[in-house]
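*Asks:* Provided herewith is a single structure, encoded as structure tokens, for subsequent inquiry.
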Amino acid sequence: MERWRNRVAVVTGGSSGIGAAILTDLAEAGVTVVGLSRHPDCIRTFDLTPEARSRVHPIQCDVTNEEVVKTTFKWIDDNLGGIDILVNSAGVVYQGELTDPNLTRQIRETLDVQIMGTLFCTREAFQSMKRRNFDGHVININSIEGHNVVNLLEFITTFFTSYAASKFALTAMHETYRQEFANAGTKVKVSSVSAGMTNTPIGGYLVGNYDMPILNPKDVSNAVLYCLGTPPHVQV
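Next up, the structure:
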């Protein structure tokens with residue numbers, strides 16, 4: 008992680024859950040971190056060392072709003088010199104069936120946050136890296152649900168419907184980004200971390216209902232730091 012010291016990372020969904028753990032670990036590792044959230048005041052309450060706290064910049068940003076994302080990333084470019092790391096960890100989860108005619112808003116928000124939010128932020132971050140000819144790193148917080156839809160009858164829950172659809176899309180986007188970054192002549196890396204069930208505010212209510220291993224946000228953050236710590240010729 009030494010080569011990332013004093014570099015600039017943007018973490019979406021940085022106020023809770025996996026995003027909060029990643030933001031905290033990056034700041035403690037010497038990285039300047041911009042935490043994007045709809046509730047940035049929560050970031051100001053994190054238990055950080057004074058040195059790490061001085062490197063954290065909480066910013067209110069709705070990643071589903073393209074113009075807000077553009078304005079936010081321009082501020083980062085103008086004031087912090089550009090984006091070197093992007094971690095797309097913003098996410099929402101709603102229970103409900105895709106065939107339910109009353110859940111259009113919830114399904115749309117799921118797709119907007121996890122697909123369009125990733126698209127808007129990755130586009131702006133990549134352009135910043137490319138303009139500066141910097142070999143940055145984009146990390147997408149995916150899910151095992153982005154590779155295999157669980158048996159809904161077995162789990163007796165509709166937790167895995169629109170969420171799974173959005174994560175499958177993210178898996179395809181991830182591979183597309185890998186090819187696009189290379190075809191653009193850059194060495195920007197992109198990694199996908201597909202976590203299993205994790206004890207977070209959006210999924211924690213399922214913890215204890217099923218007999219399965221449960222991750223903590225810190226476990227996922229450790230995987231992110233591992234990806235960042237790999238040498239330039241390694242892409243996870």
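Numbering (this note's numbering), first residue to last: 8 to 243.
Note that the Cβ used here is the ideal one computed from N, Cα and C, for glycine as well.
1) Near P208, which residues of its chain fall below 6 Å by C-beta distance, leaving aside the five closest residues on each side in sequence?
2) Using alpha carbons as the reference points, say which of A132, S44, N140 lies closest to T193.
3) Between R51 and P65, which are expected to be in contact by the criterion C-beta below 8 Å, what is the C-beta distance as a whole number of angstroms?
4) To which residues of the same chain is D142 closer than 8 Å at the C-beta, ignoring the five residues directly before and after it?
5) Determine the closest residue to G21 out of Q134, F53, F167, T78, with distance taken between C-alpha atoms.
6) Mind checking who T205 pairs with in its DSSP beta bridge?
7) Decide if A179 is buried, meaning its Cβ has at least 16 other Cβ atoms within 10 Å, or exposed.
8) Please go through the same chain and pick out, in chain order, the residues whose beta-carbon is closer than 6 Å to the beta-carbon of A132, but skip the five residues on each side of it.
9) Excluding the 5 residues preceding and the 5 following A171 in the sequence, name in chain order all residues of the same chain whose CB lies nearer than 6 Å to its CB.
10) Between N13 and I29, what straight-line distance do the alpha-carbon atoms span, to the nearest angstrom?
11) Would you mind sorting P108 into buried or exposed? The rule is 16 or more other CB atoms within 10 Å of its CB.
12) I122 and V17: beta carbons closer than 8 Å?
13) From the DSSP output, in three-state form, read off L232 for me.
14) Just to confirm my understanding: we take L87, look at its own chain, exclude 5 residues before and 5 after, and list those with CB closer than 6 Å. What are they?
15) Would you tell me roughly how many angstroms separate the C-alpha atoms of G124 and T56, rounded to the nearest one?
16) Could you tell me if S61 is buried or exposed, where buried requires 16 or more neighbouring beta carbons within 10 angstroms of its beta carbon?
17) Distance, Cα to Cα, S96 vs A36?
18) Mind listing, in chain order, the continuous beta strand (DSSP E) runs of no fewer than 3 residues lying wholly within the region 56 to 85?
19) For S173, does the three-state DSSP call read helix, strand or coil?
20) Cutting at 8 Å between CB atoms, please list the residues of its own chain near G236, excluding the five before and the five after it.
21) If we count the other Cβ atoms within 10 Å of its Cβ and call it buried at 16 or more, is H181 buried or exposed?
22) Nearest to F127 by alpha carbon, out of K174, S150, R115, E74?
23) Tell me which same chain residues have a C-beta within less than 6 Å of the C-beta of G42, skipping the five on either side of it?
24) When DSSP labels each residue in this structure, what does H240 get in the three-state scheme?
*Replies:* In brief:
1) Scanning its chain for C-beta atoms nearer than 6 Å, with the 5 sequence neighbours on each side dropped, one finds around P208 the residues S23, G24, in chain order.
2) N140
3) 6 Å
4) Around D142: M136, T193, K194, V195, K196, P239.
5) F53
6) L222
7) Exposed, by the Cβ-count rule.
8) I90, L93
9) E152, V156
10) 16 Å
11) exposed
12) No, Cβ-Cβ distance for I122 and V17 is not below 8 Å.
13) helix
14) Result list for L87: V15, in chain order.
15) Whole-angstrom Cα-Cα distance: 30 Å.
16) exposed
17) 19 Å
18) 63 to 67
19) helix
20) Cβ within range, chain order: M8.
21) buried
22) E74
23) V18, G21, L30, I50, P65
24) Coil.
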